Each structure stands twice: as C-alpha cells, then as structure tokens.
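Counting in UniProt numbering, the sequence shown runs from 1 upward without gaps. C-beta atoms are modelled at their ideal positions from N, C-alpha and C, and glycine is treated no differently. On a predicted model such as this, the values are computed, not experimentally measured, just so you know. Notes for the one structure printed next.
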Amino acid sequence: MPVAYCQTPLGITRITEDEDFISAVSALNEDHDITPAPTSLLQMAINQLNEYFAGTRKIFDLPIKQPGTAFQQKVWEQLMLINYGSTISYAQQSALMNDPLAIRAIAAANGKNNLWIVVPCHRVIGSNGSLTGYAGGLWRKQWLLEHEARVLGVGQTKLNF
C-alpha cells in the first residue's frame with residue numbers, strides 16, 4: 001500500500017492508499033520524513049488537506065474506502081453529512097440515524113474512523129457541548145473546530161470547552 005506523509009498545522013499526517021482509494025488519513029505524534037507522494041492520488045489527498053488548512057476547501061473530493069462493519073459504514077456516511085463549521089452531539093447523530101439507543105455504539109464507530117478530517121468525526125461533540133474523545137487528541141479536535149469557525153467567520157473563533 002502506497003503511503004505519503006505531509007506537514008500540517010497539527011503535525012505530520014500519514015495518508016494511505018489502497019486499491020485506488022484513500023483508506024487512512026491520520027495525525028502522527030512523532031516526526032517522519034516528508035517525501036514526494038508516490039502516486040497521483042496521494043498527491044491529490046495532500047493538496048486537498050493543504051487547501052483545507054488554508055481555508056479554501058470545505059468538502060473533500062477523494063475516492064475513499066475504509067474497512068468496517070455495515071453499521072460503522074452507516075455511521076461514517078452520517079458524519080459526511082455534517083456541514084463544515086457545524087457540530088452535532090452523539091445523541092443527535094443517533095437520532096439522525098433513527099437509532100436513539102445506539103449512542104455508545106455510534107461513538108465507538110466514530111472512534112474507529114481512519115479518515116481523519118476527510119470523514120469529519122471532529123464535528124461530533126458531547127450533548128452538553130463538551131469535547132469528548134478524539135483519536136487525534138482533544139487539542140486537535142478543538143483546533144479543527146476553531147479553524148472551521150475562523151474560516152467561516154461565524155461564532156467564536158476561540159472555543160471554550
């Protein structure tokens with residue numbers, strides 16, 4: 001599987017391609033050498049991430065596919081419907097999925113999302129407005145939400161969680 005690494009404001013990001021799909025985008029907590037992307041699809045993913053961080057891209061247009069159960073796929077599809085700069089709670093997500101008793105299962109599926117930022121699980125917060133678990137670290141989740149608010153010029157540009 002071809003892999004590329006790029007520098008972002010949140011550290012090094014690793015992007016994995018599998019059978020002509022982007023299968024993983026993840027923030028690393030360690031350094032890694034940045035080398036040219038070995039495929040055009042990985043270069044497209046890097047370009048789109050750079051545009052996102054520059055504030056010029058709000059929707060990713062990449063072929064994506066990550067392994068997961070049918071339920072996880074349904075959860076991730078629902079995440080893709082959350083507008084840039086918006087947030088919903090896990091309870092709201094479960095209601096939108098017509099499965100109000102599945103809040104914990106939905107939260108667990110969000111946590112297994114391998115496509116950081118592209119499938120925007122950072123836009124799901126606690127019912128009381130608090131930041132809750134995020135595989136990339138809560139500081140990254142807060143940064144992403146503040147970045148989107150700043151780009152849109154709406155709400156607070158510094159969120160108090």
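- Membership of Gly-111 in the alpha helix (DSSP H) is indicated by the continuous run 103-111.
- Going by C-alpha positions, Tyr-5 is about 5 Å away from Ile-34.
- The shortest CA-to-CA distance from His-32 to any of Ser-130, Arg-14, Lys-65 is the one to Arg-14.
- At the C-beta level, Leu-79 and Val-25 stay beyond 8 Å of one another.
- For the stretch 79-152, the full-length alpha helix (DSSP H) segments reaching 4 residues or more read 90-96, 103-111, 138-152 along the chain.
- Here the alpha carbon of Ala-149 sits roughly 14 Å from the alpha carbon of Ile-88.
- DSSP places Gln-7 in the strand class (E or B) of the three-state scheme.
- Straight across, the Cα-Cα distance linking Glu-19 with Phe-53 is about 26 Å.
- Excluding its 5 nearest sequence neighbours in each direction, Gln-93 has C-beta neighbours in its own chain below 7 Å: Gln-78, Ile-106, Val-124, listed in chain order.
- Residue state for Ala-37 is assigned as coil, using DSSP reduced to three classes.
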